[in-house]
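Protein chains in written order, with my numbering: chain A, 4 to 742; chain B, 589 to 743. Even glycine gets a Cβ: it sits at the ideal position worked out from N, Cα and C. No experiment lies behind these values; they were computed from the predicted model shown. I have placed the structure first, in the form of structure tokens, so that the comments after it can refer back to it.
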Amino acid sequence: MIEVSRRGFLSSTLVGGGALSLAVTVGCGSSSPTRVRHAEASGELVANMYITVMPDGRIALAVNKAEIGQGITTGFATLVAEELGVPIDHIDVHFADSHPEYRTSFGMHQTGGSTSTHEAFGSLRHAAAAAREMLVLAAAANWRVPVAELAVADGRVRHAASKREASFGELTRHAARAPVPDHPRLKPPSEFTTIGKVNRRIDARAKVDGTAQFGIDVTIPNLVHAVVIHGPVYGARARKVMADAARTRAGVIDIFAFRWGVAVVAEKYWQALAAANDVEVEWSQGQAAGLDSEKLRLAMRATTADGTTTRDDGHAPRVLGEARTKLEAIYEAPYLAHAPMEPQNCTVKVDGRKAEVWAPCQSPTVVQAFVANAIGGDSDQVIVHTTLSGGGFGRRVVADFATQAALIAKQVGRPVKLIWSRESDMTQASYRPQSMVRMQGGLSAEGQLAAMSAHCISQSITLSSGAILNAALPGPRALRGVVVDSLLAMFSTNSMGDLFATEGIKDTPYQIPNLRVDFTPVRTKLPVATWRSVGHSVNGFAVESFIDELAHAAGQDPLGFRHKLVAPGSRQRRVLDALAAQSKWGEPAPKGIGRGLARHQSFETEVGEVADVEIVDGRIKVRRVYCVVDCGIAVNPNIVRAQMEGAIIFGLSAALDQEITVAGGVVQQRNFDAFPPLRMFEAPEIVVQILDSDQPPTGVGEPGLPPIAAAVANAIFALTGTRLRRLPLQHAWDQRGEK
Amino acid sequence: MKLVVNGTSIDVEVPAETPLLWVLREEVGLTGTKFGCGRALCGACTVHVDGAPRRSCVTAVGDVAERPVTTIEGLASAPALHPVQEAWIAENVPQCGYCQSGQIMTAVALLRAKPAPTDTEIDDAMSANLCRCGTYPRIRRAIHRAARSLRGEHE
Chain A
4 MIEVSRRGFL SSTLVGGGAL SLAVTVGCGS SSPTRVRHAE ASGELVANMY
54 ITVMPDGRIA LAVNKAEIGQ GITTGFATLV AEELGVPIDH IDVHFADSHP
104 EYRTSFGMHQ TGGSTSTHEA FGSLRHAAAA AREMLVLAAA ANWRVPVAEL
154 AVADGRVRHA ASKREASFGE LTRHAARAPV PDHPRLKPPS EFTTIGKVNR
204 RIDARAKVDG TAQFGIDVTI PNLVHAVVIH GPVYGARARK VMADAARTRA
254 GVIDIFAFRW GVAVVAEKYW QALAAANDVE VEWSQGQAAG LDSEKLRLAM
304 RATTADGTTT RDDGHAPRVL GEARTKLEAI YEAPYLAHAP MEPQNCTVKV
354 DGRKAEVWAP CQSPTVVQAF VANAIGGDSD QVIVHTTLSG GGFGRRVVAD
404 FATQAALIAK QVGRPVKLIW SRESDMTQAS YRPQSMVRMQ GGLSAEGQLA
454 AMSAHCISQS ITLSSGAILN AALPGPRALR GVVVDSLLAM FSTNSMGDLF
504 ATEGIKDTPY QIPNLRVDFT PVRTKLPVAT WRSVGHSVNG FAVESFIDEL
554 AHAAGQDPLG FRHKLVAPGS RQRRVLDALA AQSKWGEPAP KGIGRGLARH
604 QSFETEVGEV ADVEIVDGRI KVRRVYCVVD CGIAVNPNIV RAQMEGAIIF
654 GLSAALDQEI TVAGGVVQQR NFDAFPPLRM FEAPEIVVQI LDSDQPPTGV
704 GEPGLPPIAA AVANAIFALT GTRLRRLPLQ HAWDQRGEK
Chain B
589 MKLVVNGTSI DVEVPAETPL LWVLREEVGL TGTKFGCGRA LCGACTVHVD
639 GAPRRSCVTA VGDVAERPVT TIEGLASAPA LHPVQEAWIA ENVPQCGYCQ
689 SGQIMTAVAL LRAKPAPTDT EIDDAMSANL CRCGTYPRIR RAIHRAARSL
739 RGEHE
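Next comes the structure, spelled out in structure tokens:
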């Protein structure tokens, strides 16, 4: 958990006229007092960087996270409602504009790693409790009664003995004079009335009546619209642009080549779209020319050299050599695009070396850095307004779309909204890397797992994220470059392994006396990035498929085999026990149905899943998924269930059908017909159970995904005796028996 | 060219082949209808033309001149909601929310044709509307709930 120092978090000074101004100085290296407001003038109590109490008693809550569907605005409002003592519908949420104060995630203003609720459970509740105590102190002073005799509920402070009460709005001016408490009292879970009790979403109404404003809906004065024609191969540049007819079309402002392709700019987007159809381009070869995903796969399978070891317990190689029963298996996973429903888009207004940006983005900090770089300015001269995002899944941490929009805005001298086509979104993604894991396991004579090794081979996401690392580091750009370059050099030589490639294996909760995990990087010129659950998405499939294979080799029940491998009293055991009860594991599966089980811990959350699978006319059909999750305190249980359902369906799309293949450097899948997400008729029934917990919340957006592919593969084995080790599973099933 | 959108007549000056989606978004100013794929593969742009669902991203605006077009904004008069929208809220359907205008428009048309749809009929009507957040199980529940509500059965 990221702890924010109290005095760094809140400090106050009295200024002229006795009004209070609050200088908020949280975050990474910033100490500039930027949020100065005078409650006496406006009646607005800026309690801290998150919370402002308005004179009418409503609460303005600045959320420094992206709403990409995970329900974070509802979650944050819930935390504030609980500690401030207001009904959740008194809270008006807005997204915090980029500012160093809001860089609360590893020095970045960013949403990722399923960390937001975990992070806010301390800091945001503290902020709300501090604001509540300021309001209570104000009432106590007004009424000359002891603080201990006051109670807070429904946005009001009450003194029962004298029957006096005041709304928060009536107390803001006096509260502004109250000291900012260092150690406000936080409620213990036993006193929660909102956390864990609210089951609706505060953004549901706007998302069903068409009023929700996504990035693509932004409009500002004097705005023009742009399409970028991207080359067939990633990184290709336009050598020749033939656009004479297109230039004469109504509304067209400019058509020009730049390093990302060809920009077509018009007054209206539909004009740009029509003009783009009239543009012909001759392309250079492109940086990814020559990449062939099938050849890459074969090269990865041929890799035998040791990699960099990221975990080494006991003597895995020796024990594997001596094992009574030794298993070896290779698991493979393809490139994947994120394909969020809202294609990448960005609105930018450039003014010299300053810029203002409106974007559906997961990282305002990265957008600032990329836009600053594009226009030759500095990050702190770029203001980023985060909008709602139509899905994210890790894609919107990268901000290539913002670079392109900024370059175009600079070129045409007017504010620009760039909207990518679906084809650009799919072929210009920063992909989940194509990956391979070679697993080896050794069973003792008693059927115990004595040793296991995993060799992960994939393109390094860390290495592909140099520009993002650069954005994350404070300090002068030149210095950051040196630091990042030396960091990347270490990843480049693989002397540090990779931040993501072996996650979920190197930190496995399975108690295996001899365990070794290695990583060997693959190099290509196609960018890769975080994709929902990142390394866990591949490694959960590999480990949980392999554990299933080991259980069958040992002649043991897959659940019982896992049960023995995890510590007594652990959350893994609790989840397995609950999953067994929920799914009636051990009872015979209905005729024609295979049952498969997998569990995985990621982002500090443990999830177990059982899939009921059948095969109908050669098609893998997942009928039902049981899911048990231990994510600490569930701030909004309904949203936790929704995230499990969503991660399972997102994961099933990838497990069953989706892959990005590359031939001659050209990504072969360009739209949803070739990269099919699961559809309504294929969606299984999903039964989610959240385990009770009094522990702080852990990740929710991603951890439902890693077990599902293995659960399905294990079910197919139970049903047919055929072990599928390559994703997507439907392709593997169709090609079973072939080499 | 004259368009009739949500009961209001509007004159727009655009070439007849312009996709209805962008005319709605840029000329009429109704942004609740979303762009997802541009090829009628995802359903995010679904509107009603003459009461039937149409993919506005591949519908030439000239084809719908003077025919009634309904968008998500026109399902009910604010602040009222259509029973399908109310069911969506009751079942907590939306996650990112981007596809939901199209989902709701398709569902409204389904319930108009089939007041008590079976699961199979829901699958048949809804399977061309994609959702990357995976809200399908809740959409199914919300459609059943809305169907009960439209038939006058109370929860």
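Asked, Found
"C-beta neighbour in chain A for ASP599(B), strict 8 Å", "no"
"Beta-carbon gap between ILE378(A) and VAL353(A) smaller than 8 Å", "yes"
"Chain A residues whose Cβ lies nearer than 9 Å to that of LEU669(B)", "ARG208, VAL211 and ASP212"
"8 Å contact criterion, which GLN514(A) and LEU330(A) should meet: CB distance rounded", "Incorrect: roughly 19 Å between the Cβ atoms, too far for contact."
"Short Cβ contact (8 Å threshold) for PRO680(A) with VAL610(A)", "no"
"Contact with chain B by ASP676(A), beta-carbon distance below 8 Å", "yes"
"Exposure label - ARG128(A); buried when at least 16 CB within 10 Å", "buried"
"Cross-chain neighbours of GLY722(B) in chain A, by beta carbon under 8 Å", "GLU648, GLY649, ALA650, ILE651, ILE652, PHE653, LEU681 and ALA686"
"Whole-Å CB distance - THR77(A) paired with ASN639(A), under 8 Å assumed", "6 Å"
"Anticipated Cβ contact below 8 Å, ALA454(A) with LEU323(A), distance rounded", "5 Å"
"Inter-residue Cα distance where the pair is ASP220(A) and LEU659(A)", "33 Å"
"Interface flag, ARG250(A) vs chain B, CB-CB below 8 Å", "no"
"Coil, strand or helix - SER366(A) by DSSP", "coil"
"Cβ pair count under 8 Å reaching 3, the segment 256 to 269 of chain A against the segment 227 to 239 of chain A", "yes"
"Cβ pair count under 8 Å reaching 3, the segment 408 to 427 of chain A against the segment 624 to 636 of chain A", "no"
"Minimum Cβ-Cβ distance from TYR338(A) to chain B less than 8 Å", "no"
"Cutoff 8 Å: LEU718(B) Cβ touching any chain A Cβ", "yes"
"Contact with chain B by ASN641(A), beta-carbon distance below 8 Å", "yes"
"C-alpha gap between SER696(A) and LEU299(A), whole angstroms", "45 Å"
"Terminal residues of the beta strand (DSSP E) in which TYR629(A) lies", "622 to 633"
"Proximity test, Cβ basis, 8 Å: LEU629(B) and chain A", "yes"
"Among ALA209(A), GLY88(A), THR312(A) and PHE544(A), the one whose alpha carbon lies nearest that of TYR686(B)", "ALA209(A)"
"Within chain A, partners of VAL666(B) - CB distance below 8 Å", "The sequence given here places Ala at residue 666(B); Val does not occur at that position. Under the 8 Å cutoff, chain A gives ASP212."
"Helix, strand or coil at TYR53(A) [DSSP, three-state]", "coil"
"Short CB-CB distance (under 8 Å) between ALA695(B) and chain A", "no"
"Spatial neighbours of LEU446(A) in its chain, beta-carbon cut-off 7 Å, leaving aside the 5 residues before and after", "ALA326, ARG327, THR328, LEU452, ALA453, LEU553, ALA556 and ALA557"
"Secondary structure of GLU612(A), DSSP reduced to three states", "strand"
"Residue-level contact to chain A via CB, SER644(B), 8 Å cutoff", "no"
"Validate contact between the segment 212 to 219 of chain A and the segment 332 to 351 of chain A using beta carbons, cut 8 Å, 3 pairs", "yes"
"Close-in-space but distant-in-sequence residues of the same chain around PRO656(B) (CB under 7 Å, 5 per side omitted)", "VAL592 and ASP638"
"Near-chain B residues of the segment 270 to 282 of chain A - C-beta to any C-beta below 8 Å", "LYS271, TYR272, TRP273, LEU276 and ALA277"
"Where ALA588(B) meets chain A, residues with beta-carbon distance less than 8 Å", "A question about residue 588(B) goes unanswered here, because the residues of chain B that appear run from 589 up to 743."
"Beta-carbon proximity list for VAL236(A), same chain, < 8 Å, skipping 5 on both sides", "TRP286, GLN288, GLY289, GLN290, ALA291, ALA292, GLY667, GLY668 and VAL669"
"Extent of the continuous beta strand (DSSP E) to which GLU283(A) belongs", "283 to 286"
"Buried versus exposed, by CB contacts within 10 Å (16 or more), GLN73(A)", "buried"
"For ALA169(A), the three-state DSSP class (helix, strand or coil)", "strand"
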